[in-house]
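Chains as they are written, first to last, in my numbering: chain A, 8 to 265; chain B, 16 to 293. Quick reminder that beta carbons are idealized off the backbone N, C-alpha and C, glycines included. Predicted, not measured: the structure shown is a model, and the values here were computed from it. Scroll down for the structure; my scribbles are underneath it.
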Amino acid sequence: MSHTPHRLEVQNVSVGYGDKTVLHELTFNVPHGARVAVVGPNGAGKSTLFKALVGLLPLQAGKIFIHGLPLNAHKDCVAYIPQREEVDWRFPVTVRDVVMMGRYDRQGWFNRTSLEDKQIVEKSLEQMGIGSFSRNSISDLSGGQQQRVFLARALAQEPHILLMDEPFTGVDVVTQEATLKLLDDLREAEVTAMISTHDLNLAASKFDLMLLLNHRLIAFGEPAEVLKQENLVMAFGRQLMILPDGTAVVDDCCPPVD
Amino acid sequence: MNWLVQPFAYEFMQRGILASVIVGILCAVMGTYVVLRGMAFLGDALAHAILPGIAIAYLLNGSLLVGALIAAIFIALIIGLFSRQGTVKEDTAIGILFAAALSLGIALISSIKTYAVDLSHILFGNVLGVSITDLWLTAGLGLLILLTVVLLYKPFLVISFDPVLAATMRLPAELLRNLMLVLLALTVVVSLQTVGVGLAAAMLVTPAATAYLITRRLTSMMVISAVFGALSSIIGLYLSYYLNIVSGSAIVLTATLFFVLAFLFNSRQGVLRRKINT
Chain A
8 MSHTPHRLEV
18 QNVSVGYGDK
28 TVLHELTFNV
38 PHGARVAVVG
48 PNGAGKSTLF
58 KALVGLLPLQ
68 AGKIFIHGLP
78 LNAHKDCVAY
88 IPQREEVDWR
98 FPVTVRDVVM
108 MGRYDRQGWF
118 NRTSLEDKQI
128 VEKSLEQMGI
138 GSFSRNSISD
148 LSGGQQQRVF
158 LARALAQEPH
168 ILLMDEPFTG
178 VDVVTQEATL
188 KLLDDLREAE
198 VTAMISTHDL
208 NLAASKFDLM
218 LLLNHRLIAF
228 GEPAEVLKQE
238 NLVMAFGRQL
248 MILPDGTAVV
258 DDCCPPVD
Chain B
16 MNWLVQPFAY
26 EFMQRGILAS
36 VIVGILCAVM
46 GTYVVLRGMA
56 FLGDALAHAI
66 LPGIAIAYLL
76 NGSLLVGALI
86 AAIFIALIIG
96 LFSRQGTVKE
106 DTAIGILFAA
116 ALSLGIALIS
126 SIKTYAVDLS
136 HILFGNVLGV
146 SITDLWLTAG
156 LGLLILLTVV
166 LLYKPFLVIS
176 FDPVLAATMR
186 LPAELLRNLM
196 LVLLALTVVV
206 SLQTVGVGLA
216 AAMLVTPAAT
226 AYLITRRLTS
236 MMVISAVFGA
246 LSSIIGLYLS
256 YYLNIVSGSA
266 IVLTATLFFV
276 LAFLFNSRQG
286 VLRRKINT
């Protein structure tokens with residue numbers, strides 16, 4: 008893949024909150040259209056990385072380039088699906104309203120909704136299997152359905168790069184399937200996708216590349232390379248248990264005791 | 016039907032009703048954001064914090080509305096500055112400013128001889144004292160506020176519902192938040208005449224909260240809230256006229272009655288409605 012132009016370049020990036028640095032000197036390149044799993048223990052900086060990539064957190068050092076241009080030159084090509092708790096689900100908007108928000112930037116903040124916008128929203132709703140309750144209030148939805156509303160909105164944004172924070176955590180099977188199906192559709196549309204997950208099996212089986220984080224970059228590459236024992240020990244430390252037959256088990260349910 | 020028309024025989028009642036309806040609608044529309052963004056305390060604080068501006072205008076024999084206007088915008092921006100710095104928690108900052116401004120306002124007013132009457136008008140409104148100039152100013156400001164809310168519907172919706180999306184779409188969130196504070200301040204100033212600083216917060220919160228119980232879309236919440244706001248103003252003024260009670264209180268109590276009815280009987284989660292159906 009080295010001959011394809013890199014579409015997302017992260018160079019020596021350090022980022023954090025205030026004076027505190029969460030991620031130190033990150034450098035990696037994601038090729039166009041790749042599907043990357045971002046893994047690491049709790050608090051390793053996965054969400055922080057995503058927030059830096061969409062420009063929610065100012066960089067303390069380093070540079071991020073998308074299609075060869077710095078982050079601020081883009082506004083509509085990165086879509087971010089945050090963890091569900093970040094918005095107020097009792098807000099008086101319908102499912103369709105939320106998905107339509109994904110079009111606001113492209114349609115212009117003072118323009119009316121065009122026929123094209125409506126068609127794209129309709130298509131996104133159908134694709135995520137939530138077309139039948141598009142007129143429902145978002146407060147009526149289950150957790151998985153809420154997630155699919157976010158996914159549909161990200162689709163409506165027509166992004167080049169899609170970032171998803173823990174989309175497989177705490178959702179029903181239908182939503183997991185819908186999310187995986189979406190990833191396949193995105194691959195066809197050549198959308199680069201970065202997804203954080205706790206599920207190492209899923210990461211190894213469904214993704215082209217893995218990014219192993221623990222406050223800094225431990226490993227980046229194809230799953231087989233990344234999932235080596237020494238990498239896992241470095242990332243997970245005492246949460247990692249090596250069985251006699253060489254199988255590594257990550258106990259990720261309890262945060263590490265520092 | 017004579018009792019319906021009778022109050023309108025007086026010109027000051029006509030002006031009073033017009034001003035009240037404008038204020039009812041304005042407060043109700045801005046109130047949707049106050050309710051959804053959890054700014055009720057802020058609205059109350061803003062209302063009290065403009066007291067010094069009014070007092071100074073009164074002492075200088077200037078227009079109370081202009082004095083309040085300057086004070087309100089000043090206070091709104093200071094609160095925005097305080098909460099952005101993050102050194103003091105926002106509600107603490109508001110609490111300090113609010114109490115200080117209120118004290119300063121009352122101190123200034125207490126230096127006036129007839130202060131008891133004036134203070135009660137400022138605190139609870141004097142709808143019968145609305146002059147032609149006041150009415151024009153109210154209508155002009157009202158139009159300006161409503162126009163801004165309509166024009167900035169999409170950005171305001173996104174920064175209120177999903178600040179993260181707003182940031183990824185590079186919306187100038189801080190500017191929009193400050194603008195919202197200024198609009199809120201203007202609304203409070205306009206409501207001074209009819210319900211006074213003491214009850215402005217109620218007009219901001221109650222009709223919007225009533226609408227929130229009934230609808231599930233922001234646009235209809237604004238419209239329903241505006242209808243309740245306007246109705247409360249009209250019914251409240253009739254009550255005030257016939258029962259001889261203070262207009263501000265009558266308006267707020269009417270609005271509260273609507274809220275209680277919606278709370279008990281709304282089709283979504285009404286308490287009594289559920290009992291009757293089971």
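Quick check on the DSSP output: what are the complete alpha helix (DSSP H) runs of length 4 or more inside the region 106 to 156 of chain B, in order along the chain?
130 to 139
Quick one: list the residues of chain B neighbouring residue 62 of chain A, beta-carbon separation under 9 Å, in chain order.
Working through the first sequence from its first residue, we reach residue 62 of chain A at position 55. By Cβ distance, chain B contributes 182, 183, 185.
Could you check whether residue 223 of chain B and residue 235 of chain B sit closer than 9 Å to each other, using their CB atoms as the reference points?
Against the second sequence, residue 235 of chain B aligns to sequence position 220. Against the second sequence, residue 223 of chain B aligns to sequence position 208. No, Cβ-Cβ distance for residue 235 of chain B and residue 223 of chain B is not below 9 Å.
Residues in the region 161 to 178 of chain B having any Cβ partner in chain A nearer than 7 Å
166, 169, 170, 173, 176, 177
Please go through the same chain and pick out, in chain order, the residues whose beta-carbon is closer than 7 Å to the beta-carbon of residue 229 of chain B, but skip the five residues on each side of it.
Here residue 229 of chain B is taken as the residue at index 214 of the second sequence, counted from 1. Result list for residue 229 of chain B: 239, 277, 281, in chain order.
With 8 Å as the C-beta to C-beta threshold (strictly closer), list the residues of the region 90 to 104 of chain A near chain B in chain order.
93, 94, 95, 98, 99, 100, 101, 104
Residues in the same chain with beta-carbon distance under 8 Å from residue 171 of chain B, minus the five sequence neighbours each way, listed in chain order, please.
The residue given as residue 171 of chain B occupies position 156 in the second sequence. Excluding residues within five positions, the ones whose Cβ falls inside 8 Å are 48, 164, 191, 195.
Could you tell me which chain A residues have their CB closer than 8 Å to the CB of residue 48 of chain B, listed as they occur along the chain?
The residue you call residue 48 of chain B lines up with position 33 of the second sequence. Correct list: empty, because the minimum Cβ distance to chain A is about 11 Å.
Using only the alpha-carbon positions, how far apart do residue 250 of chain A and residue 223 of chain A sit?
What you label residue 250 of chain A is simply residue 243 of the first sequence in a count that begins at 1. What you label residue 223 of chain A is simply residue 216 of the first sequence in a count that begins at 1. Looking at the two C-alpha atoms, the distance is approximately 27 Å.
Where does residue 38 of chain A fall in DSSP's three states?
Stepping through the first sequence from its first residue, residue 38 of chain A is reached at position 31. DSSP places residue 38 of chain A in strand when its eight states are reduced to three.
Please identify the residue among A:198, A:141, A:170, A:188 whose C-alpha is closest to the C-alpha of residue 55 of chain A.
Start at 1 with the first residue of the first sequence, and residue 55 of chain A comes out as number 48. Out of A:198, A:141, A:170, A:188, A:170 has the C-alpha closest to the C-alpha of residue 55 of chain A.
Just checking: is the beta-carbon of residue 192 of chain B within a distance shorter than 9 Å of some beta-carbon in chain A?
Residue mapping note: residue 192 of chain B aligns to position 177 of the second sequence, counting from 1. Closer than 9 Å: no.
Under 7 Å between beta-carbons, which chain A residues line up against residue 51 of chain B? List them in chain order, please.
Counting from one through the second sequence, the residue named residue 51 of chain B turns up at place 36. The contacting residues are 98.
Is the beta carbon of residue 22 of chain A less than 9 Å from the beta carbon of residue 30 of chain A?
Translated into positions along the first sequence, residue 22 of chain A becomes position 15. Translated into positions along the first sequence, residue 30 of chain A becomes position 23. Cβ distance < 9 Å, so residue 22 of chain A and residue 30 of chain A count as in contact.
Can you give me the Cβ contacts of residue 166 of chain A inside the same chain, cut-off strictly under 8 Å, excluding the 5 residues immediately before and after it?
To locate residue 166 of chain A, count along the first sequence from 1; it is residue 159. Within the same chain, residue 166 of chain A has close Cβ partners 83, 84, 85, 86, 198.
Classification of residue 6 of chain A by the beta-carbon crowding that lies within 10 angstroms, buried from 16 upward
No statement about residue 6 of chain A is possible, as the shown extent of chain A runs from 8 to 265 and does not include it.
I need the straight-line Cα distance from residue 36 of chain A to residue 44 of chain A, nearest angstrom please.
The sequence position of residue 36 of chain A within the first sequence is 29, counting from 1. The sequence position of residue 44 of chain A within the first sequence is 37, counting from 1. One C-alpha to the other measures close to 14 Å.
Locate the beta strand (DSSP E) running through residue 252 of chain A, then write down its first and last residues.
Locating residue 252 of chain A in the first sequence gives position 245, where the first residue counts as 1. Where residue 252 of chain A is concerned, there is no enclosing beta strand (DSSP E), given that its DSSP letter is neither H nor E.
Give, in chain order, every residue of the region 228 to 241 of chain B whose Cβ lies closer than 7 Å to some Cβ of chain A.
230, 231, 232, 233, 236
Below-9 Å beta-carbon distance, residue 79 of chain A vs any chain B residue:
Looking up residue 79 of chain A in the first sequence gives position 72. Interface residue, yes.
Below 6 Å CB to CB, which residues in the same chain sit around residue 188 of chain B once its five sequence neighbours on both sides are set aside?
Taking the first residue of the second sequence as position 1, residue 188 of chain B is located at position 173. Excluding positions up to five away in sequence, the list reads 174, 181.
Identify whether residue 266 of chain A lies in helix, strand or coil by the three-state DSSP scheme.
An answer regarding residue 266 of chain A cannot be provided, because it is not within the stretch 8 to 265 covered by chain A.
Member of B:205, B:253, B:169, B:243 whose CA lies at the smallest distance from the CA of residue 112 of chain A
Residue 112 of chain A sits at position 105 when you count from the first residue of the first sequence. Residue B:169 is the option with its Cα nearest to residue 112 of chain A.
I want to know whether the region 87 to 98 of chain B touches the region 59 to 75 of chain B - three or more CB-CB distances under 8 Å.
yes
Own chain residues within Cβ distance below 7 Å of residue 161 of chain A, not counting five before or after
Here residue 161 of chain A refers to the residue found at position 154 of the first sequence. Excluding residues within five positions, the ones whose Cβ falls inside 7 Å are 86, 88, 109, 169.
With DSSP run on the structure shown, which of helix, strand or coil describes residue 255 of chain B?
For the purposes of this step, residue 255 of chain B is taken as residue 240 along the second sequence, with counting starting at 1. If DSSP states are grouped into helix, strand and coil, residue 255 of chain B belongs with the helices.
How would you write the range of the alpha helix (DSSP H) that residue 168 of chain A sits in, first residue to last?
Here residue 168 of chain A is taken as the residue at index 161 of the first sequence, counted from 1. Element bounds for residue 168 of chain A: not the alpha helix (DSSP H) but the beta strand (DSSP E), 168 to 172.
When you compare the CB of residue 108 of chain A with every CB in chain B, is at least one pair closer than 9 Å?
Sequence index remark: in the first sequence, residue 108 of chain A carries index 101 (1-based). Cβ-Cβ to chain B under 9 Å: yes for residue 108 of chain A.
Out of B:19, B:46, B:22, state which residue places its alpha-carbon closest to the alpha-carbon of residue 206 of chain B.
Residue 206 of chain B sits at position 191 when you count from the first residue of the second sequence. Closest by alpha carbon: B:46.
Rounded distance between the beta-carbons of residue 55 of chain B and residue 216 of chain B, thought under 8 Å
The count along the second sequence starts at 1 and reaches residue 216 of chain B at position 201. The count along the second sequence starts at 1 and reaches residue 55 of chain B at position 40. The Cβ separation is near 7 Å, so the contact holds.
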